[in-house]
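Take a look at the structure below.
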Amino acid sequence: MKKTYNNIRGTLDFNPAEAFSFQKVISAAEKIFQRFGYQEIILPLLEERELFIKGVGTGTDIVDRQMFKIEGKDIVLRPEGTAQVVRYYLQNSLQKRGDFHKFFYTGAMFRGERPQKGRLRQFHHLGAEAIGSDSFYVDAEMIDLSLKILEAVGVKEKELVLNSLGCKDDKDNFSRRLKADLTKHKNKLCDDCRNRLEKNPLRVLDCKKGCRSDYIKQAGGHFIDLCLKCKQDFKNLTALLGDLGIKPKTDFCLVRGLDYYTKTVFEITSSQLGAQDAIGAGGRYDNLIEDLGGPRVPAVGFALGIERILLVLGKALETKKIDVFVAVGEEELFEAGFKILTDLRKKTFSADCDYNQKSLKSQLRTAQRLGARFTVIVASDEYQRGCVALKDMDKSTQQEVKIEDLASQIIDLK
Ligand code: HAM
């Protein structure tokens, strides 16, 4: 028996309808990014492994378990975009070319996670990074921007969850205190969390196995321990979001699965998604640029998961439609039909025909399947008079049109 092949577990094939929805999400987002002054960058899928070890951090699931490594090389398929954008920023010394830069990117990310609904090994980010300002106005812009994109693509039901981890000192102090507190209750933690307690105590707050008990929630009530500046920035940010009509839910246990965050962290969730409920997430990373060998430059960003957006939007049914389908009544007229088709394409109409020259009935069915707005029928009687039949598929009306007038007639009827 011949062997056939399937896609790799945790990857998705997009059929034409799904690909159409995917591209609609990207083009709607691009318009909003542009409105907010973000410029597109396109970066490689491959990066040095160490970039993410240093950037995202050891003790995180992404670095410890999920990176796809190229055999025999210290190269990985990128698991996320932020460390990569910082690499790009530093490699090109952008700090010397203006003190504030705003970028957006779309593209595939790779994480070796256990696949389930909404959790893939290859997925796509719509991401934005603003590098060079510590103003809470930029945090608000990021949150507003991410919500505006979701609104534009049609995601109605969603919730913004917000927290502040505080600056590096606040985070370190909290981490130490959390470790001391949780060590006393070690027996209540799962095996993973006992491990996290040693390597990365804050990650215990993100435990998916229920270690986020009431006790931990209290321990996570970290806001009271923030320094004055971080506390005030967080209050200012929530007030500013209120002015923008955005009402976040504050969750002092929100820590995120990447180590570079400081101060503002946020997630946008949807109850339509089940266990993997984050459509997007982001936050401030004021130390990452320095940690990756650069100067001290503050930054903030987010990424939305395109596949999760598509899950919320539901089954994609619509495909890209064509303007005109050219059908021929008799086999001998195929050459004439092909000429008409080529001419329409030259005039920038999207047009197609049936190269297998089936019956007229079958060609009309194909026109319908392709969602043609018009069908041109080339039949010998009309063709001898220099004419074709132009069928308006929406109105189910038909008229005889001179071949030289075809394009202008289609424009008039459209
Ligand atoms: P993240 O939370 O790891 O953040 O990913 C952002 C979004 O990508 C998630 O909210 C989710 O929608 C989607 N996503 C993540 N993992 C998967 C997966 N395995 N399958 C499907 N979708 C997934 C980041 O990556 C940060 N770089 C975001 C950021 C940008 N922070 C600052 N700037």
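Here numbering that gives the first Met the number 0 is used: position 192 in the sequence shown is 191, and no number is missing along the way. Ideal Cβ placement from N, Cα and C applies to all residues, glycine included.
Residue i versus residue j: straight-line alpha-carbon distance, rounded
i    : j    : result
E70  : F324 : 49 Å
L93  : L42  : 15 Å
R118 : D250 : 23 Å
V85  : P114 : 29 Å
L204 : L253 : 7 Å
G219 : L177 : Because the pLDDT of G219 is 49, which lies under 50, any placement of that residue in the model is unreliable, and the number read from its coordinates should be weighed accordingly. Rounded to whole angstroms, G219 to L177 spans 8 Å at the Cα level.
V55  : D351 : 49 Å
P297 : A151 : 29 Å
L50  : L164 : 23 Å
N91  : T105 : 20 Å
Y24  : Y88  : Note on identity: in this sequence residue 24 is Val, with Tyr being the wrong assignment. Near 27 Å, if we compare the C-alpha coordinates of Y88 and V24.
I402 : T318 : 29 Å
T81  : Q38  : 15 Å
G36  : K101 : 7 Å
E334 : K2   : 40 Å
F135 : R64  : 34 Å
K246 : R255 : 20 Å
F109 : D242 : 37 Å
L201 : S174 : 6 Å
I74  : Q356 : 51 Å
V62  : R307 : 22 Å
A280 : F13  : 24 Å
D393 : E112 : 47 Å
L161 : L11  : 31 Å
Start-to-end residues for the beta strand (DSSP E) that takes in residue i
i    : result
F265 : T261 to T268
S163 : E158 to S163
L201 : It is not in any beta strand (DSSP E) - L201 carries neither H nor E in the DSSP assignment.
I376 : F373 to V377
Q231 : Per DSSP, Q231 belongs to no beta strand (DSSP E); it is in the alpha helix (DSSP H), L227 to D242.
E399 : T396 to K401
With 16 other Cβ atoms within 10 Å as the buried cut-off, status of residue i
i    : result
M0   : exposed
A139 : buried
C192 : buried
K95  : exposed
D60  : buried
S20  : buried
D322 : buried
I7   : exposed
C229 : buried
C226 : exposed
Y421 : The displayed coordinates of the chain run from 0 to 413. Any statement about residue 421 would go beyond what the structure contains.
T261 : buried
K198 : exposed
E331 : exposed
A179 : exposed
R195 : buried
A274 : exposed
L181 : buried
Unbroken alpha helix (DSSP H) run spanning residue i, endpoints
i    : result
E306 : I305 to L312
Y37  : Counting along the chain, Y37 falls outside any alpha helix (DSSP H), and DSSP gives it neither H nor E.
L76  : First-last for L76: I74 to L76, but that is the beta strand (DSSP E), not the alpha helix (DSSP H).
C386 : Not the alpha helix (DSSP H): C386 falls in the beta strand (DSSP E), residues C386 to D391.
Q408 : L405 to L412
K53  : R48 to G54
### Query
Counting only runs that start and end within the segment 112-192, where is the beta strand (DSSP E) found for 3 or more residues in a row?
121-130 and 158-163
### Task
Would you list, in sequence order, the uninterrupted alpha helix (DSSP H) runs of no fewer than 4 residues that lie entirely inside the segment 277-364?
287-290, 305-312 and 333-345
### Task
Entirely within the segment 72-107 and at least 3 residues each: give me those beta strand (DSSP E) ranges in chain order.
74-76
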